[in-house]
Amino acid sequence: MPDLDLFRVLTLQDYNTRIVVGGVTVLGLASGVIGSFMLLRKRSLLGDAISHATLPGIACAFLVLGALGLDGKNLPGLLLGATLSGGLGVGAILLLVHWTRLKEDAALGIVLSVFFGLGVCLLRIIQKLETGSAAGLESFIYGKTASMIASDAQLILASSLVIAGTCGLLFKEFTLLCFDTQYAGAQGWPIVALDITLMVLVVGVTVVGLQAVGLILMVALLIIPAAAARFWTEHLPTMVVGAAVLGAVSSLVGALLSALLPDTPAGAVIVLVASGFFLVSLLAGPARGVVGRAWRQSELRRKIARQHLLRAVYELSEMANHPPSVRRNELLARRSWSPRQLAQTISAAERAGLVVPTEPNAIRLTEPGRRHAARVTRNHRLWELYLIEHADIAPSHVDRDADQIEHVLAPEMIQKLEALLLHQDRDRQPPASPHALEERP
Amino acid sequence: MNDPMQPEGLRLERVASGAEHPTSSPLSIHDMTVAYHRKPVLWDVDYDAPDGKLIAIIGPNGAGKSTLLKATLDLIPKASGIVTIYGQPYHQQRHLVGYVPQRESVDWDFPVNALDVVTMGRYGQIGWFRPVGRRHRAVALEALDRVGMADYAKRQISQLSGGQQQRVFLARALAQDARLYLMDEPFAGVDASTERAIVEVLRTLQRAGKTVLVVHHDLQTVAEYFDAVVLLNMRIVACGPTADVFTEENLRKTYGGRLTLLEEAANALARNRGSRE
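Sequences listed follow chains A and B, in order. Here the numbering used here is used: the first residue of the first sequence is 1, the next is one more, and so on. Here the numbering used here is used: the first residue of the second sequence is 1, the next is one more, and so on.
Structure (structure tokens):
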């Protein structure tokens, strides 16, 4: 009865589903928060090294627990081992960077692979041992969300609250640390202690997340929500909250999907859902998204083309004995634009009510079009005048330079230009464009 | 301001111990040596900054100008030497020192606006765990106004020009309301209007009795902007009032190739220690 399953899962009627979904959602929230600071501290990959470094600790903890006659799969015991060995990994990275001339990326790579290799060897040894079954330890590598029980979810909830709360308390301090470490140090903030706090929080979220998403994919939950949130905002508190929300929603949706589809690993599904959000953000994010940027660029291109057209029509109709209507081939000769570009620009300008066709192959400026064209032409000439008088640019180059700048002149810039060029001498008018002069009979 | 009777607190000769340094000096460096990766970059620096002056630190690339500031601020370890700020160690006097790092030292593509950055200058006064209050934001806005950037308070920092970013950094140090300012190349790569704005701020600081040390690279403007000069090339070549020490002879000593032996010795030292370890 798949329909009944769907209903049961989505309404969280199943006790186990509730625990799993609740646990991973809170985990996603905490990793979004701490991941934002890791991203801004440019230490995203440190999370990967830390999570890989936990494996030998898990294996050692299993052996120690077994030797003490305890249950080898006692979760708090295993996580304690993971924490210690994750911390050891961080320490090893810091020592390598501080005492040798190795750069951080190399130190990360070394620690990540050495610790993970050691962990894999230990796991193999454990499997060969005859004492107790080690089956299940591998679940820390890929994650095994379904095995989560109520006490695990409580552990995740408590750790996540501590992590998010610490980030809240140290928000200002972490911001300064991530933005300008040197200044923070000069002001007397203990940057090493703050960095260690940040790393301890990462170790904490990684260790509690091992069971849910596994150590290989844990880094995704740290980086992806934060990176996705960055596309939506230039405001740090918004980014942190956004990363928390994206992390939580990805985990929630991922866990539900994995509960619905049999035999899908929850960790991987969560990461894929998060990647989906990342892709959408990358494309559609208003602050930095690809689509928004492309759209703004094409908007600028269209605006420039329109202004070129208006100025060309204006300058032609300004000439002595020229009728107000301007033919297409005259316009084609003015600039290096293709007939197709010109036709597109003209029809766009017609739709905007700036020009109207007079004959099949001629156009004339409307009244709004004439005002707009007069302003564009004036800006162009002001800028030309400025370049000639103040920037020592040869008059023969001035038109080309002015051509590119005039479209981006802000009103304040125009005012400054007017103040600079015209107010000294109120009678003076901006000169006609050099090329207009050349073409005049 | 320029009272001729006031002692300059300057000395070119070596002094025997830190105790002889006048405690009133805003910045007193005694026998400071700094090494990067075992290679010394500053040798035996002895310097007492005169109070209430604008002081330029000049010297060729790699002369240790930024290092001098960073070692003073305990940002990098000193191999030896004592630094005092108004007679006390730096860690007791942090609130009196405003630091303007090089603009390139941070990633400007960071999700904060200009006012947020200037507010960082108040973090020391705000203290641990507390959020930024309205009063501190007002101080920060006033500092932005002093560098002519009040209109850009809400602008995201990556959208500011290089000169505007530099002014934001200056405003951040001003918001601290320090007595001694250490500025690392504030004039590097800025436009003319920013340069004028910074000079105006420097003069205002001096009128308020502050002492400002500026790592400077433009020899043309040294005499115009600064009262005193430190000529640095791994060691202090000369220091004192601009009129006295900013001479062709001293510049030649600082920028000329006279220091090859010192550098060779430093390299040899680095090799020697490296092979022993």
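Ideal Cβ placement from N, Cα and C applies to all residues, glycine included. Just so it is clear, the structure is predicted and the values come from calculations on it, not from any experiment.
Three-way DSSP call (helix, strand, coil) for A:Thr-54 in this model:
helix
7 Å Cβ cutoff, A:Met-239 in contact with chain B
yes
Quick check: what's the CA-CA separation for B:Gly-127 versus A:Leu-201?
In this structure, the straight-line span from the alpha carbon of B:Gly-127 to that of A:Leu-201 is close to 22 Å.
Which residue wins for smallest C-alpha separation from B:Glu-195, given the options B:Ala-173, B:Gln-166 and B:Leu-180?
B:Gln-166
Near A:Val-26, which residues of its chain fall below 6 Å by C-beta distance, leaving aside the five closest residues on each side in sequence?
Excluding residues within five positions, the ones whose Cβ falls inside 6 Å are Ile-156, Leu-157 and Ser-160.
Residue-chain proximity (A:Leu-176, chain B), Cβ-Cβ < 7 Å
yes
Let me make sure I understand the geometry here. Which of B:Gly-209, B:Ala-35, B:Thr-254 and B:Phe-187 has the alpha-carbon closest to that of B:Ile-76?
Residue B:Ala-35 is the option with its Cα nearest to B:Ile-76.
Who are the Cβ neighbours of A:Pro-174 in its own chain at under 6 Å, not counting the five residues just before and after it?
Note on residue identity: the sequence assigns Phe, not Pro, to residue 174 of chain A. The residues are Phe-37.
Distance check for A:Met-148 and A:Gly-442, CA to CA, integer angstroms please.
Because chain A in this structure spans residues 1 to 441, residue 442 of chain A falls outside the shown range and cannot be described.
Establish whether the CB of B:Met-183 and some CB of chain A are separated by less than 7 Å.
no
Could you spell out the range, first to last residue, of the beta strand (DSSP E) harbouring B:Arg-172?
Premise fails: B:Arg-172 lies in the alpha helix (DSSP H), 162–175, not in any beta strand (DSSP E).
Using only the alpha-carbon positions, how far apart do A:Asn-16 and A:Ala-259 sit?
10 Å
With H, G and I counted as helix, E and B as strand and the rest as coil, what does DSSP make of A:Thr-11?
coil
Would you tell me roughly how many angstroms separate the C-alpha atoms of A:Leu-215 and A:Thr-54, rounded to the nearest one?
Going by C-alpha positions, A:Leu-215 is about 8 Å away from A:Thr-54.
Hey, could you find the ends of the beta strand (DSSP E) B:Tyr-99 is sitting in?
97–100
Which residues mark the beginning and the end of the alpha helix (DSSP H) in which B:His-136 is found?
134–146
Where the alpha helix (DSSP H) containing A:Val-205 begins and where it ends
191–213
How many angstroms separate the CA atom of B:His-37 from the CA atom of A:Arg-230?
Going by the C-alpha atoms only, they are around 37 Å apart.
For A:Thr-233 and A:Arg-296, I'd like the C-alpha separation in whole angstroms.
Each residue's alpha carbon lies about 17 Å from the other.
Who are the Cβ neighbours of B:Ala-192 in its own chain at under 8 Å, not counting the five residues just before and after it?
none
What is the DSSP secondary structure of B:Gly-81, reduced to helix, strand or coil?
strand
Roughly how many whole angstroms lie between the Cα atoms of A:Ala-349 and A:Pro-360?
16 Å
Under 7 Å, do A:Leu-221 and A:Ser-31 count as touching if we go by C-beta distance?
yes
Measuring only the C-alpha atoms, how far is B:Pro-22 from B:Gly-87?
Bear in mind that the predicted position of B:Pro-22 carries a pLDDT of just 48, short of 50, making it unreliable; the figure below should be weighed with that in mind. Roughly 7 Å between the two C-alpha positions.
CA-to-CA distance, B:Ala-79 to B:Leu-144, given in whole angstroms
When rounded, the distance between both Cα atoms is 38 Å.
Hey, A:Thr-206 and A:Ser-51: beta-carbon distance below 7 Å or not?
yes
Contact with chain A by B:Tyr-86, beta-carbon distance below 7 Å:
no
Give every residue of the same chain whose Cβ lies closer than 7 Å to the Cβ of B:Lys-65, excluding the five residues on either side of it in the sequence, and list them in chain order.
Ile-57, Gly-59, Val-215 and Leu-232
Less than 7 Å separating the beta-carbons of A:Tyr-482 and B:Pro-241?
Missing from the structure shown is residue 482 of chain A; chain A here goes from 1 to 441 and no further.
With a 10 Å radius around its C-beta and 16 neighbouring C-beta atoms as the bar for buried, classify A:Ser-250 as buried or exposed.
buried
Bounding residues of the beta strand (DSSP E) (the contiguous stretch that carries B:Ser-28):
28–36
Cβ neighbour criterion (16 or more within 10 Å) applied to A:Asp-71:
exposed
Within 7 Å, strictly: CB atoms of A:Ala-81 and A:Gly-57:
The sequence given here places Gly at residue 81 of chain A; Ala does not occur at that position. Cβ distance < 7 Å, so A:Gly-81 and A:Gly-57 count as in contact.
Buried or exposed: A:Met-218, going by 16 or more other Cβ atoms within 10 Å of its Cβ?
Under the 10 Å beta carbon count, A:Met-218 is surrounded by 16 or more other beta carbons and is classified as buried.
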